[in-house]
Amino acid sequence: MKIGNLVKLHESTRKCGQYAGKQAMIIDRDKYSQYVLLVEGEIIKFHSTQIEEEYRNESR
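Numbering that gives the first Met the number 0 puts the sequence shown at residues 0 to 59.
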């Protein structure tokens with residue numbers, strides 16, 4: 000996963016709390032392998048296991 004890509008958080012509220020199932024944008028990665036995401040105007044850290052899928056930006 001790369002910075003700037005859109006991702007979908009896991010549907011489980013147990014894993015992601017109030018952000019379950021939401022879309023987010025990767026804005027950074029910290030030294031503990033957590034992704035820093037922009038979710039609904041908030042900056043939050045999530046582990047890669049909390050991200051369900053990635054929407055790849057393929058422009059050709």
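Backbone N, C-alpha and C fix where the C-beta goes; we use that ideal spot for every residue, glycine too.
Proximity to Q17 across Y54, E41, E52 and R55 peaks at E41, based on C-alpha coordinates.
Bounds of any beta strand (DSSP E) do not take in R13; it lies within the alpha helix (DSSP H) bounded by T12 to C15. By the Cβ-count criterion, I26 is exposed, with fewer than 16 other Cβ atoms from all chains shown falling within 10 Å of its own Cβ. Take the alpha-carbon of L5 and the one of Q49: they are about 14 Å apart. For the 8 Å CB-CB criterion, S47 and S32 form a contact.
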